[in-house]
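Working notes, beginning with the structure itself.
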Amino acid sequence: MKPSQLAPFLRTEDSRIQSLIFAQQFSRDLIERLVRCADQCRSLMLDREGARFLKSRLADKAVALYFPQCSTRTFTSFSFAAQSLGMMVEEIRDTELSAMYKGESELDMLLTLSTLADAVVMRQMDAEVGLTLAYEIRKRGMQTKIINAGSGADQHPTQALLELYTLLSHFRETAAEFGDHPKTVSFVGDLKRSRTARSLCYLLGNYPKIKQVFVAPAELQMESDLLGYLDECEVAYECLESLDDVIGESDAIYMMRIQDEYSATSEELRRRYEQYHLPVEKLNRMKSTACILHPLPRRAEIPIEIDYDSRAKYWDAVRCGKHMRMALLLHMFGRDDISSASLF
Numbered sequence: 000m001k002p003s004q005l006a007p008f009l010r011t012e013d014s015r016i017q018s019l020i021f022a023q024q025f026s027r028d029l030i031e032r033l034v035r036c037a038d039q040c041r042s043l044m045l046d047r048e049g050a051r052f053l054k055s056r057l058a059d060k061a062v063a064l065y066f067p068q069c070s071t072r073t074f075t076s077f078s079f080a081a082q083s084l085g086m087m088v089e090e091i092r093d094t095e096l097s098a099m100y101k102g103e104s105e106l107d108m109l110l111t112l113s114t115l116a117d118a119v120v121m122r123q124m125d126a127e128v129g130l131t132l133a134y135e136i137r138k139r140g141m142q143t144k145i146i147n148a149g150s151g152a153d154q155h156p157t158q159a160l161l162e163l164y165t166l167l168s169h170f171r172e173t174a175a176e177f178g179d180h181p182k183t184v185s186f187v188g189d190l191k192r193s194r195t196a197r198s199l200c201y202l203l204g205n206y207p208k209i210k211q212v213f214v215a216p217a218e219l220q221m222e223s224d225l226l227g228y229l230d231e232c233e234v235a236y237e238c239l240e241s242l243d244d245v246i247g248e249s250d251a252i253y254m255m256r257i258q259d260e261y262s263a264t265s266e267e268l269r270r271r272y273e274q275y276h277l278p279v280e281k282l283n284r285m286k287s288t289a290c291i292l293h294p295l296p297r298r299a300e301i302p303i304e305i306d307y308d309s310r311a312k313y314w315d316a317v318r319c320g321k322h323m324r325m326a327l328l329l330h331m332f333g334r335d336d337i338s339s340a341s342l343f
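Structure, rendered in structure tokens:
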């Protein structure tokens, strides 16, 4: 679905995001606004007075982090982002310590969090839970903000935002300039079950001049629903089975690990998956200006030696995540006008 086709209950009356469930909710204009705000947050955090100013922006708000599915980077990134804006942070990670252990439904538990907190950031295996909660909140007249921090193998919209932010930083382009320059972004590995790859593909659908190449074994290739979306957006794409066919023309390579937490992976497929790794010896075939990304955690698909190559930007993306999530929270609460902080 294009942004205009998404459910109206995901937006506030002034067209801000109330519940972030899909990467398709980000228009090109909104991306530009979020990038500007993230840049401002990044700059202000370097200065004590600027950091103090940011800490006052959402000091009257509380956020609940609901993460029953494992997470390191997204959980800590949201926690630090919220605290940097002055928010009170509460977390639930083990549902066996909640009333769900007594038989409470997940929806009732989430409605409780939504009643007590001003925002709920959630990660769970079921892709429908966040959308259901967003609908119930709007139906009940509540103003709580809902953020999808990873929904099974379906979507991870804030990860897509920080990856795009990292690409802009690498290419030294503004969000407005990015779509004007043709580029090729290659997605490599287990694309069928990668929520991060899916969300970044949707986000890049705002930029028709960015060609997307999907490199994966046939049984792990990108799903047809996403390819249909790219057709609607008139975005050029190609599905390949060999990285060698595109490594020399790629401006960015987004590497994926095998996503075997969602379903079993045969030993035969594991062996074949090695051809979707990026060994050090392939670096000299890449453009000197290219960018290497990975949503992390990684396994053997990127050896640690590549970390020291100037084109490796996945650790930069971790840093970008905090500032982009700060910008998103500020936007959702209507507190993203922080230009007055320039006096600091």
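Residues 0 to 343 in numbering that gives the first Met the number 0 are what the sequence shown lists, from first letter to last.
Idealized CB from N, CA, C, for every residue including glycine.
Given the structure is predicted, the values throughout are model-derived calculations rather than measurements.
Reduced DSSP secondary structure (H/G/I, E/B, other) of residue i
i	result
VAL317	helix
PHE186	strand
SER249	coil
GLY227	helix
CYS200	helix
ARG15	coil
LYS281	helix
ILE20	coil
ALA6	coil
LEU342	Below a pLDDT of 50, predicted positions are generally treated as unreliable, and LEU342, at 48, falls in that range; the measurement from the model is reported next regardless. Three-state DSSP puts LEU342 in a helix.
ILE145	strand
TYR65	strand
MET254	strand
ALA311	strand
PHE170	helix
LEU327	helix
ASP335	coil
ASP28	helix
SER193	coil
SER287	coil
ARG298	coil
ASP59	coil
GLN352	Given that the chain is displayed from residue 0 to residue 343, the structure contains no residue 352 and the question cannot be resolved.
HIS180	coil
GLU222	coil
Alpha-carbon to alpha-carbon, residue j and residue i
i	j	result
PHE343	ASP189	Only weak support is given to the placement of PHE343: the predicted model assigns it a pLDDT of 47, under 50, and the value that follows is read from those uncertain coordinates. Approximately 46 Å between the Cα atoms of the pair.
ASP179	LEU163	15 Å
PHE213	MET44	37 Å
GLY204	GLN39	26 Å
ASP224	ARG51	45 Å
GLU218	LYS191	8 Å
ASP28	ALA175	8 Å
GLU135	LEU161	28 Å
ASP117	GLN23	23 Å
ARG334	LEU229	33 Å
ALA63	LEU106	15 Å
MET86	ILE30	23 Å
ARG256	ARG270	13 Å
PRO302	LYS281	12 Å
SER185	ARG171	19 Å
LEU112	ASP244	49 Å
ASP336	THR114	27 Å
HIS293	ARG318	13 Å
THR131	ALA61	22 Å
ALA235	MET254	20 Å
ASN147	MET221	21 Å
LYS286	ASP308	12 Å
Limits of the unbroken alpha helix (DSSP H) element including residue i
i	result
GLY129	128-138
ARG51	47-54
GLU105	105-115
GLU90	Careful: GLU90 lies outside any alpha helix (DSSP H), inside the beta strand (DSSP E) at 87-91.
ALA80	72-83
GLU176	174-177
Residue i - partner residues in DSSP beta bridges
i	result
GLU237	VAL212
CYS36	DSSP lists no partner for CYS36.
SER150	GLN123, GLN154
Contact set for residue i: own chain, Cβ-Cβ below 6 Å, skip 5 residues either direction
i	result
ARG92	PHE66
TYR275	VAL187, GLY188
TYR206	GLY178
7 Å Cβ shell around residue i - same chain, five flanking residues per side excluded
i	result
LEU166	ALA251, CYS290
ALA311	ILE291, ILE305
ARG324	SER76, PHE77, ALA80, THR157
GLN348	The requested residue 348 is not part of the displayed model; the chain covers only 0 to 343.
THR11	GLN17
GLN258	ALA152, ASP189, ARG192, SER193
ARG297	ARG256
HIS169	CYS290, LYS312
ASN283	none
Where the beta strand (DSSP E) containing residue i begins and where it ends
i	result
LEU292	290-292
GLN393	The structure shown does not extend to residue 393, since the chain is modelled only from 0 to 343, so the question has no answer here.
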